[in-house]
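> In terms of the working numbering, the sequence shown is residues 5 to 142.
Just dropping this structure here.
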Amino acid sequence: MPKKSNSKKQKSNNAQNLIKAISIIDYVYAGLLILAAIIMFLGGTFFTSLGMFHYMFPQKVFTGLIGGVIIIASIFLVALAVLYFYLAKAILEYKMWAKVVQLILSILGIFSFPIGTAIGIYVIWVLLINKETKDLFK
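Below is the structure:
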């Protein structure tokens, strides 16, 4: 009889490790988004500053517009990174809303071939197909 409880505990630990892996992936992705946002922000400010040198670039409105769009995109990446940080914490707490948001982002990530596809399939398998992890979110 003690073997069954030990087996259940091992299954539970396995399911928790699978969820931890998803959380780690989210933290890494959030960090990469922050890095990309910083690079984009610096590039956007560079393009915006090029518009001030109208003697070198007669299309100063165009360069300023490109810089503005890049800066706005970098702000969007920061917001997405904050979402991933918050999601990584919530998925470790087995919150149902975190599971739903994670599944939506993973389905969208499947279109990012090849790494996003592999991660998306892994997350969908862990959260939807794996019976052990399904029980954690009830």
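Every residue gets a Cβ at the ideal spot worked out from N, C-alpha and C, and that includes glycine.
Please read all numbers here as calculations on a predicted model, not as lab measurements.
Give the straight-line distance between the Cα atoms of Val73 and Leu22, rounded to the nearest whole angstrom.
Distance between the alpha carbons of Val73 and Leu22: 38 Å.
> Could you check which residue in Ile38, Ile108 and Ala77 has the C-alpha nearest to that of Gly48?
Closest by alpha carbon: Ala77.
> First and last residue of the alpha helix (DSSP H) that includes Leu109?
Element bounds for Leu109: Met100 to Gly113.
> Which residues in the same chain as Ala40 place their Cβ atom closer than 6 Å to its Cβ, once the five residues preceding and following it in sequence are excluded?
Result list for Ala40: Leu81, in chain order.
> So Lys103 packs on Leu131, CB below 8 Å; how close in whole Å?
Lys103 to Leu131, Cβ: 6 Å. Contact.
> Run the CB neighbour count on Ile123, radius 10 Å, all protein chains shown included, and call it buried at 16 or more, exposed below.
Ile123 is buried by the Cβ-count criterion.
> Can you tell me whether DSSP reads Ser78 as helix, strand or coil?
Looking at Ser78 - three-state DSSP - the assignment turns out to be helix.
> Does the separation of the CB atoms of Gln106 and Ile119 fall below 9 Å?
No, the Cβ-Cβ distance between Gln106 and Ile119 is not below 9 Å.
> Look at the alpha carbon of Asn17 and the alpha carbon of Leu109, and state the distance between them as a whole number of angstroms.
Whole-angstrom Cα-Cα distance: 25 Å.
> Looking at the secondary structure, which residues open and close the alpha helix (DSSP H) in which Ile128 lies?
Taken as a continuous stretch (DSSP letters only), the alpha helix (DSSP H) holding Ile128 covers Ile119 to Ile128.
> Does Asn17 come out as helix, strand or coil in the three-state DSSP assignment?
Three-state DSSP puts Asn17 in a helix.
> Within the continuous alpha helix (DSSP H) that includes Leu140, where are the two ends?
Per DSSP, Leu140 belongs to the alpha helix (DSSP H) from Lys135 to Leu140.
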